[in-house]
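Enquirer: Take the sequence shown: its letter number 177 is residue 177 in full-length UniProt numbering, and every next letter is one higher. C-beta: ideal position from N, C-alpha, C; glycine also. Below you will find the structure I want to go over with you.
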Amino acid sequence: MVIYRSTVPSVPIPNIDLFSFILGSNEYNQTKDLNTPLAIEGETGKSLSWNDIREQSSLLATGWTQNVGLKQGDIVAVFAPNQLDHSVLYLSLLGAKCTISPGNPAYTEAEFEHQIANSQSTALVTVPGLLPVILKITDKLGLPRSRIFLFGDKQVDGCRPFNSIKGNVMVQYPLQGVDGYNDTAFLSYSSGTTGLAKGVMLTHKNFIAQILQTVQAEPKDEEPVHDVILGFLPFYHIYGLTSLIFNAYYKVTPVVIMARYDLELLCQLVEKHKVTMASIVPPVAVHLAKSPIAAKYDMSSIRLLGCGAAPLSKEHIESLAKRIPAKLVQGYGMTETTSGVISQGLQGGVAGSIGILSPNIECKIVNEHGKELGDDEEGEFLFRGPSIMKGYFNNDKANAETFTLDGWMRTGDVGKFDTKSGEFFILDRIKELIKYKGFQVAPAELEAILMGLDIVADCCVVGLYDESQATEIPRAYVVLQPTVEAKIRKCP
Ligand code: 4UV
1 MVIYRSTVPS VPIPNIDLFS FILGSNEYNQ TKDLNTPLAI EGETGKSLSW
51 NDIREQSSLL ATGWTQNVGL KQGDIVAVFA PNQLDHSVLY LSLLGAKCTI
101 SPGNPAYTEA EFEHQIANSQ STALVTVPGL LPVILKITDK LGLPRSRIFL
151 FGDKQVDGCR PFNSIKGNVM VQYPLQGVDG YNDTAFLSYS SGTTGLAKGV
201 MLTHKNFIAQ ILQTVQAEPK DEEPVHDVIL GFLPFYHIYG LTSLIFNAYY
251 KVTPVVIMAR YDLELLCQLV EKHKVTMASI VPPVAVHLAK SPIAAKYDMS
301 SIRLLGCGAA PLSKEHIESL AKRIPAKLVQ GYGMTETTSG VISQGLQGGV
351 AGSIGILSPN IECKIVNEHG KELGDDEEGE FLFRGPSIMK GYFNNDKANA
401 ETFTLDGWMR TGDVGKFDTK SGEFFILDRI KELIKYKGFQ VAPAELEAIL
451 MGLDIVADCC VVGLYDESQA TEIPRAYVVL QPTVEAKIRK CP
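The following block contains the structure:
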């Protein structure tokens, strides 16, 4: 049996809460200017410094407790496109000892309802544009408007801007009474290996481990670089949440925020802010490589592109390199692993590989009968370590299916450890999940919609890979009701 471990030494993970970990003193924030812009809104240029974020989130944290009555362990749902004060909101809720349940603002009504009800959220934060659909659901579920809060400064339909509930003293940290090793910081949603979206319980420790593992894996002998990150990945998704908020703030690296992906704006912002780094997904890599828009702009400031969430072929890597001569490193992660657990890291790797294991993370590869495999053999990845989720929320069945008795988490992803390169490759997926442009699409959800149609007797939805866009696209195979089938046959 082979248990793969990182070639990078392990790093100890302190038992502390995430709010205090990010805002406490560390090797980065002791040496950097904490009054310069850290979060920068791309479209307007408005910004918040590290000190602004610390002060505002600390005042809001007491506001949530004193002025709203939120209690330790309360779950707060958040649905919004990326906002300038997203990090203030998230940190303030952590400072109030609450759990954040972030979701996709592009959800359908049924998806919003599923997450709000399933997470048992007792408060919610959104943007005015989503209020009509959100209020329909929260009114039905009995969540009062006094518990619905808004980004921005306007009160709408009885819902207050969250900035209006600030307390007048800052919360003191380290927070007392939070068990970083066990308490859930985020309840993110993922469909896992099967079925509908499930609440993924990610502890404070999971995030702190993810940050420290990433820092530990970085080369130590390089000159310090004044990086600027471009942030269009959504803050509700684990990839954006970790790379654009927690990792960036821990290292005090400025992030230029985009509310949504737009290639022209992205290129303008790279030029204007001399962006040096961006986390991207494969369809964006293709867009950057092929679109005439990208050719109009000076992208030479970019030194590093991290690409993950779906596979990127050698051909696409090569064509992107012709346009942007930056280092492109691939990574692999899941919501359930609190983001990346295998990565090529800053040192790079073999084209098409996903790199090496993060420190602290153990991996084994098994066949369909659970038999442990060795080097160069293809099988399912299983992981163990401090950034692996605590489990699915209120879902014993999914937890029993996902974790082995000795604590390994199944991924539903198939790959191998390649002895020639010393790196991991991802080759296939055996779980019921479609990745559309890096976003999760649960086949079960599309099948449920189709099964709701009178004419459909049975159906099955799968993902087909479209190489030209570097994404999977859902395709449905449908069996029609016999009566409908007969009518079609009769047609000339
Ligand atoms: O749960 P999720 O939506 O999570 C992600 C996370 C991607 C990240 C995060 C941090 C990184 O540093 C990074 O490089 C990538 O997408 O979906 C998880 C599933 O997405 C597929 C795989 O099926 C996971 O179970 N996936 C993620 N990364 C890759 C991938 C990849 N590099 N190649 C192929 N499939």
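Per DSSP, what kind of secondary structure is Ala278 in: helix, strand or coil?
Expert: Here Ala278 sits in strand by DSSP.
Enquirer: What residues match up with Phe149 in a beta bridge as DSSP calls it?
Expert: According to DSSP, which records beta bridges pairwise, Phe149 is partnered with Val125 and Arg160.
Enquirer: Do Gly412 and Leu433 have their beta-carbon atoms positioned less than 8 Å apart in this structure?
Expert: Result yes, Cβ atoms of Leu433 and Gly412 sit closer than 8 Å.
Enquirer: At the level of alpha carbons, what is the spacing between Ile302 and Gly415?
Expert: Ile302 and Gly415: Cα-Cα distance of roughly 30 Å.
Enquirer: Examine ligand 1 and report whether any of its heavy atoms sits within less than 7 Å of the Cβ of residue 546.
Expert: As displayed, the chain neither begins before 1 nor continues past 492, which places residue 546 out of reach and without an answer.
Enquirer: For ligand 1, any of its heavy atoms closer than 7 Å to the Cβ of Ile238?
Expert: Ile238 Cβ: within cutoff of ligand 1.
Enquirer: With three or more beta-carbon pairs closer than 8 Å as the criterion, would you say the stretch 28 to 36 touches the stretch 55 to 74?
Expert: With a cut-off of 8 Å, the stretch 55 to 74 and the stretch 28 to 36 do not count as touching, because too few Cβ pairs lie within range.
Enquirer: Report the start-end ranges of each alpha helix (DSSP H) in the stretch 265 to 327 that is 4 residues or longer and not cut off at the edges.
Expert: As far as the stretch 265 to 327 is concerned, its whole alpha helix (DSSP H) runs of at least 4 residues are 282 to 290, 292 to 295 and 314 to 323.
Enquirer: Nearest-angstrom Cα distance between Ser468 and Val68?
Expert: In a straight line, the C-alpha of Ser468 is about 50 Å away from that of Val68.
Enquirer: Hey, how far is the Cα of residue 502 from the Cα of Lys198?
Expert: With the chain covering 1 to 492 only, the question about residue 502 has no answer from this structure.
Enquirer: May I ask which residues mark the beginning and end of the beta strand (DSSP E) holding Gln469?
Expert: No beta strand (DSSP E) contains Gln469, which DSSP labels as neither H nor E.
Enquirer: Quick check: the Cα distance between Val76 and Pro292, rounded to an integer number of angstroms?
Expert: Rounded to the nearest angstrom, the two C-alpha atoms are 42 Å apart.
Enquirer: Is DSSP giving Leu23 helix, strand or coil here?
Expert: Correct three-state label for Leu23: helix.
Enquirer: Pull up the CB-CB distance for Pro474 and Val461, whole angstroms please, since I reckon it's below 8 Å.
Expert: Yes, Pro474 and Val461 are in contact; Cβ-Cβ is about 5 Å, under 8 Å.
Enquirer: What's the C-alpha gap between Val10 and Lys205?
Expert: Note on residue identity: the sequence assigns Ser, not Val, to residue 10. Cα to Cα, Ser10 sits roughly 15 Å from Lys205.
Enquirer: Should Ala96 go down as buried or exposed, given a rule of 16 or more other Cβ atoms within 10 Å for buried?
Expert: The residue is buried, with at least 16 neighbouring Cβ atoms inside 10 Å.
Enquirer: In whole angstroms, what separates the C-alpha of Cys267 from that of Met299?
Expert: Roughly 7 Å separates the two Cα atoms.
Enquirer: Can you find at least 3 beta carbon pairs, one from the stretch 393 to 412 and one from the stretch 435 to 446, that sit closer than 8 Å?
Expert: Too few Cβ pairs lie closer than 8 Å, so no.
Enquirer: My understanding is that Cys159 touches Leu130, with C-beta atoms under 8 Å, so please give their C-beta distance in whole angstroms.
Expert: With 8 Å as the limit, Cys159 and Leu130 do not qualify as a contact, their Cβ atoms being about 11 Å apart.
Enquirer: May I ask you to list the residues that DSSP assigns as paired with Gln207?
Expert: For the record, residue 207 in the displayed sequence is Phe; it is not Gln. None, per the DSSP bridge assignment.
Enquirer: For Ala185 and Phe149, which I take to be in contact (beta-carbon distance under 8 Å), what is that distance rounded to the nearest angstrom?
Expert: Not quite, the Cβ-Cβ distance comes to about 19 Å (not below 8 Å), so this is no contact.
Enquirer: Using 8 Å as the limit for Cβ to Cβ distance, is Asp139 near chain C?
Expert: The structure shown contains no chain C; it holds only a single protein chain.
Enquirer: Would you mind stating whether Tyr4 and Phe417 have Cβ atoms separated by less than 8 Å?
Expert: Their beta carbons are under 8 Å apart, which means Tyr4 touches Phe417 by this criterion.
Enquirer: Taking C-alpha atoms, which residue in Ile324, Glu43, Ile100 and Pro37 lies nearest to Trp64?
Expert: Minimum Cα distance to Trp64 is reached at Ile100.
Enquirer: Please find out if some non-hydrogen atom of ligand 1 comes closer than 7 Å to the beta-carbon of Tyr332.
Expert: Yes; taking the cut-off as 7 Å, the Cβ of Tyr332 has a heavy atom of ligand 1 nearer than that.
Enquirer: Please state the DSSP three-state secondary structure of Leu89.
Expert: Leu89: helix per DSSP, three-state reduction.
Enquirer: Hey, how far is the Cα of Pro254 from the Cα of Val228?
Expert: Their Cα atoms are separated by approximately 5 Å.
Enquirer: Examine ligand 1 and report whether any of its heavy atoms sits within less than 7 Å of the Cβ of Leu346.
Expert: Not so, every heavy atom of ligand 1 lies at least 7 Å from the Cβ.
Enquirer: Just verifying my parser: in three-state terms, what is the DSSP assignment at Ser57?
Expert: DSSP places Ser57 in helix when its eight states are reduced to three.
Enquirer: Starting from Ala351, follow its DSSP beta bridges and name the residues at the other end.
Expert: The partner list for Ala351 (beta bridge, DSSP) is empty, contrary to what the question assumes.
Enquirer: Mapping the DSSP letters down to three states, classify Met389 as helix, strand or coil.
Expert: Note: Met389 maps to coil in three-state DSSP.
Enquirer: When the Cα atoms are used, what is the spatial distance from Met277 to Pro219?
Expert: So the two alpha carbons sit approximately 16 Å from each other.
Enquirer: Answer yes or no: do Gly463 and Glu336 have a C-beta to C-beta separation smaller than 8 Å?
Expert: Not closer than 8 Å, so no.
Enquirer: Distance check for Asn26 and Thr122, CA to CA, integer angstroms please.
Expert: The alpha-carbon atoms of Thr122 and Asn26 are separated by roughly 34 Å.
Enquirer: Leaving out five residues on either side along the sequence, give the residues of the same chain with a beta carbon under 6 Å from the beta carbon of Gln83.
Expert: Phe151.
Enquirer: Just verifying my parser: in three-state terms, what is the DSSP assignment at Met170?
Expert: Met170 falls in the coil class under three-state DSSP.
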